[in-house]
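Novice: Quick one: the structure is below, questions incoming.
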Amino acid sequence: FIFDLLSFIFYLLSFIFYLLSFIFYLLSFIFYLLSFIFYLLSFYL
């Protein structure tokens, strides 16, 4: 029983870490896009 609980907790933790890494990846991608847009804007302005 305890081992099942432990494995479940580990599974949950790994899932949370996976979600966090995905969010960070998305954020970095958005920042990259924003910097690219500003870079383009600086040419036109």
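Taking the numbering used here, I'd label the letters of the sequence shown as residues 73 to 117. Here a beta-carbon is modelled for each residue, glycine too, at the ideal position from N, C-alpha and C.
(1) If you draw a straight line from the C-alpha of Y111 to the C-alpha of S86, how long is it?
(2) Which value, in whole angstroms, describes the spacing of the CA atoms of L106 and L84?
(3) For F101, report the span of its alpha helix (DSSP H) as first-last.
(4) Hey, how far is the Cα of F103 from the Cα of L113?
Specialist: Let me lay it out:
(1) 37 angstroms
(2) 33 angstroms
(3) I74 to Y116
(4) 15 angstroms
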